[in-house]
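Here you go:
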């Protein structure tokens, strides 16, 4: 494909548990509303979806945080709900209320009728953006591709949007599990095709966001979420053009199930902030890299408090390969960007220090 | 006080890990909107707060589920935000948006000015309701009193209502911990006085709901939530008129911290549905009783599926004293009451079976 050579490979090496000079760091939602330049571009684009679907603007916002901060990765600017949108559910964003679908899935028939979108067709705007970003990055840092997990996608698709109680999707899970399994299987196939297309287009690592896996029971987590993420891990291109493509799984609220997540064969496990990273490392650090796990609200604290919190996590992880620093969830839109700069510099400083 | 003698003491015995003939069961929010008779009484009362503050109507809705189901306990009908309301924050309910405060706490000054409400004065409507309910129960089953935890109360008080990101309260926690500690200490004192007043008025067991403890890190959970619940456990009247008053602590999302919760000296620990009860029993069952832990969404399933799920939990707990069956969170308003009846009968049936 002729992409420029990667200059900073800390992220890839850490995800594969290879030694690095310091701890790599990127931030979930690093391209987002906390940045004034993002808000400016978003205004130009029109709606959030218009921004996702315009490859030049998606590329621009992906690169914006890299111009401010010494980040070790870029992550594709997109939405986790592109697949359901491509399946015809009619994604839209109600002002201040998050994502909604015009056609929520409430019947076995509707689920049976769903096709698996061809990523080279209805999701072409994503792969085009991936290739453009990869080109524009000029080898500065690697580009991460991503998708929502089948379970997490299904919650939005069945509920019709965000949810507190998961009444419809869990009702289906308990009352009509075969129908939900049919949906999840289609979604797993769709995610595999989508992520492989991102890899072919230039993504150098991929991540699956299981934002709502934590609302399940241990048994239903294994059967309705993890099983399909395992299917995805098994179906992904793990090598592309001679490079290993690391896969990260992240279940928010999944701290009780880390061993099972690590057993999927993924390369890295994302952690939210409800677990100490030294405990997570003791439990699964022999098998996978760990990504995380600062509470996003720590960015409301002063510089010294942020630095101390970064140091605590790096010290807890210790002088071992396999740590990618991140927040435990996406950065809030009300955070002062300067505070994020303090965090990123502190990661590199203390990451260097712990390796001495 | 001359209250009628307690006829069904399964709940109290199970909370104290004494043998019972079958597994006792009650349901969080058992007096609530899923019952048509509740919705009728609520209409008569006016607002939700009017209903809480009218002792006759609060008594009526407390007793309603007992007329339908063979429940082993009544729980005071009230709101967790009565204490902040009595502190002068001006509780109100925005239609469809949950609780709100007219005067959220955002400054050290506002927190310093807060007084600790005298439960015999501004919360008298609660203790009056407790005594009336206890009288009306006529010894049929015990009456549970309750309060929100200091941390959970503080989230509403600082945010001004429900929250997703906990920006203000966690911002205060990280940036100005001494001020938040001052608030939490006042709340702990207020909760102790409030629960002791409920015990004196006739509550035979008490429970502390830490609904939002699960959004904290391990360290901040211990420092900002658990520490104050421990203070409460230590400050409660554990004996009243010759009867032991069991104390239950429930942190939703606290499955990773069960050992620390059990170490507070409480009698029982509430579980949400993200942990298997056999695992919880293996971890802390030598010290405390366990309450839980069916996913509330299971009540959308058919009768046989509900029965199988009840049997699974009772079988996992095994033939040991110390289990109080409950949901892992409050019953949803859209549940068919008949399904709850199936659950309750199944608990008693399988609870008997496991003891054979």
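Protein chains in written order, with our numbering: chain S, 124 to 479; chain Z, 124 to 479.
All C-beta atoms in this analysis are idealised placements derived from N, C-alpha and C, irrespective of residue type, glycine included.
Practice task
Taking all protein chains shown into account, decide if residue 457 of chain Z is buried (16 or more other Cβ within 10 angstroms of its Cβ) or exposed.
Solution key: If you draw a 10 Å sphere on the C-beta of residue 457 of chain Z, you find fewer than 16 other C-beta atoms in it, and that means exposed.
Handout entry: Counterpart residues of residue 89 of chain S in DSSP-defined beta bridges
Key = With chain S represented from 124 up to 479, any question about residue 89 of chain S goes unanswered, as that position is not in the structure.
Handout entry: Cβ-based contacts, 9 Å cut-off: residues of the segment 331-342 of chain Z near chain S
Key = In summary, the residues of the segment 331-342 of chain Z whose CB is separated from some CB of chain S by less than 9 Å are 337, 338, 339, 340, 341, 342, in the order they occur in the chain.
Practice task
Taking residue 396 of chain Z as the query, report the chain S residues whose CB atoms sit under 7 Å from its CB, ordered along the chain.
Solution key: Residues of chain S passing the Cβ test: 340.
Exercise for the section: Could you tell me whether any Cβ in chain S is nearer than 8 Å to the Cβ of residue 293 of chain Z? Expected result: Taking Cβ atoms only, chain S reaches closer than 8 Å to residue 293 of chain Z, which makes this a yes.
Practice task
Measure the alpha-carbon distance for residue 413 of chain S versus residue 399 of chain S and round it to whole angstroms.
Solution key: Cα to Cα, the separation comes out at about 11 Å.
Handout entry: Nearest residue (CA-CA) to residue 136 of chain S, options S/370, S/253, S/472, S/379
Key = Ranking S/370, S/253, S/472, S/379 by Cα distance to residue 136 of chain S puts S/370 first.
Handout entry: Three-way DSSP call (helix, strand, coil) for residue 319 of chain Z in this model
Key = DSSP places residue 319 of chain Z in helix when its eight states are reduced to three.
Problem - CB-CB length for residue 372 of chain Z against residue 393 of chain Z, believed under 8 Å - result: Yes, residue 372 of chain Z and residue 393 of chain Z are in contact; Cβ-Cβ is about 7 Å, under 8 Å.
Problem - CB contact below 8 Å: residue 421 of chain Z versus chain S - result: So, interface residue.
Exercise for the section: Tell me, to the nearest whole angstrom, how far the beta carbon of residue 407 of chain Z is from that of residue 381 of chain Z; I am working on the premise that it is less than 8 Å. Expected result: 5 Å between Cβ atoms; contact.
Practice task
Compare the beta carbon distance of residue 453 of chain S and residue 416 of chain S with 8 Å and say whether it is the shorter of the two.
Solution key: Not a contact, by the Cβ cut-off of 8 Å.
Problem - Residue range of the alpha helix (DSSP H) that includes residue 159 of chain Z - result: Start and end: 159-168.
Handout entry: Stretch-stretch touch, CB-based, cutoff 8 Å, three pairs: the segment 208-215 of chain Z with the segment 233-240 of chain Z
Key = In this structure the segment 208-215 of chain Z touches the segment 233-240 of chain Z; the number of beta carbon pairs closer than 8 Å is three or more.
Practice task
Kindly indicate if chain S contains any beta-carbon less than 8 Å away from that of residue 455 of chain Z.
Solution key: Yes, because at least one Cβ of chain S sits closer than 8 Å to the Cβ of residue 455 of chain Z.
Problem - Contacting positions in the segment 275-292 of chain S - beta carbon closer than 7 Å to chain B - result: Of the protein chains in the structure, S and Z, none is chain B.
Problem - For residue 334 of chain Z and residue 216 of chain Z, the rounded distance between their alpha carbons - result: One C-alpha to the other measures close to 18 Å.
Exercise for the section: Report yes or no: do three or more beta-carbon pairs, one from the segment 179-193 of chain Z and one from the segment 253-263 of chain Z, lie closer than 8 Å? Expected result: Three or more beta-carbon pairs drawn from the segment 179-193 of chain Z and the segment 253-263 of chain Z are found closer than 8 Å, and the two stretches are therefore classed as touching.
Practice task
Could you tell me which chain S residues have their CB closer than 9 Å to the CB of residue 378 of chain Z, listed as they occur along the chain?
Solution key: Per Cβ cutoff of 9 Å: 378, 379.
Problem - Per DSSP, cross-strand counterpart(s) of residue 446 of chain Z - result: Beta-bridge pairing links residue 446 of chain Z to Z/413.
Handout entry: residue 206 of chain S versus residue 432 of chain S - alpha carbon distance
Key = Distance from the CA atom of residue 206 of chain S to the CA atom of residue 432 of chain S, rounded to whole angstroms, is 37 Å.
Exercise for the section: Taking 8 Å as the cut-off, decide whether the C-beta atoms of residue 271 of chain Z and residue 315 of chain Z are in contact. Expected result: Going by C-beta atoms, residue 271 of chain Z is not nearer than 8 Å to residue 315 of chain Z.
Exercise for the section: Evaluate contact between the segment 303-318 of chain S and the segment 343-361 of chain S, counting only Cβ atoms and requiring at least three cross-stretch pairs below 8 Å. Expected result: Because the criterion of three Cβ pairs below 8 Å is met, the segment 303-318 of chain S and the segment 343-361 of chain S touch.
Exercise for the section: Return no unless some Cβ of chain S is closer than 8 Å to the Cβ of residue 425 of chain Z. Expected result: Cβ-Cβ to chain S under 8 Å: yes for residue 425 of chain Z.
Practice task
For residue 297 of chain S, return the contacting residues in chain Z, with the cut-off set at a CB-CB distance below 7 Å.
Solution key: Result: 420, 421, 423, 424, 428.
Problem - Extent of the continuous beta strand (DSSP E) run through residue 214 of chain Z - result: Segment 214-217, the beta strand (DSSP E) holding residue 214 of chain Z.
Practice task
Please confirm if residue 459 of chain Z has its CB atom under 8 Å from at least one CB of chain S.
Solution key: For residue 459 of chain Z, the closest Cβ of chain S is not nearer than 8 Å.
Exercise for the section: Work out the CA separation of residue 159 of chain Z and residue 169 of chain Z for me, nearest whole Å. Expected result: Rounded to the nearest angstrom, the two C-alpha atoms are 16 Å apart.
Practice task
Pick out whichever of Z/329, Z/365, Z/293, Z/397 has its Cα sitting closest to the Cα of residue 128 of chain Z.
Solution key: The candidate whose alpha carbon is nearest that of residue 128 of chain Z is Z/365.
Handout entry: Residues bridged to residue 221 of chain Z [DSSP beta-bridge criterion]
Key = Z/217, per the DSSP bridge assignment.
Practice task
Please check if any C-beta of chain Z sits within less than 8 Å of the C-beta of residue 399 of chain S.
Solution key: Between residue 399 of chain S and chain Z, the shortest Cβ-Cβ separation is below 8 Å.
Handout entry: residue 273 of chain Z versus residue 444 of chain S - alpha carbon distance
Key = Distance from the CA atom of residue 273 of chain Z to the CA atom of residue 444 of chain S, rounded to whole angstroms, is 40 Å.
Handout entry: Inter-residue Cα distance where the pair is residue 291 of chain S and residue 151 of chain Z
Key = If you take the alpha carbons of residue 291 of chain S and residue 151 of chain Z, they lie about 21 Å apart.
Problem - Simplified DSSP assignment, three categories, for residue 476 of chain S - result: Helix at residue 476 of chain S.
Practice task
Take residue 263 of chain S as the anchor and find which of S/171, S/198, S/385 has the nearest alpha-carbon.
Solution key: Nearest of S/171, S/198, S/385 to residue 263 of chain S, Cα basis: S/198.
Exercise for the section: Please name the residue in Z/230, Z/268, Z/249, Z/403 whose C-alpha comes closest to that of residue 277 of chain Z. Expected result: With respect to the C-alpha of residue 277 of chain Z, the residue from Z/230, Z/268, Z/249, Z/403 having the closest C-alpha is Z/230.
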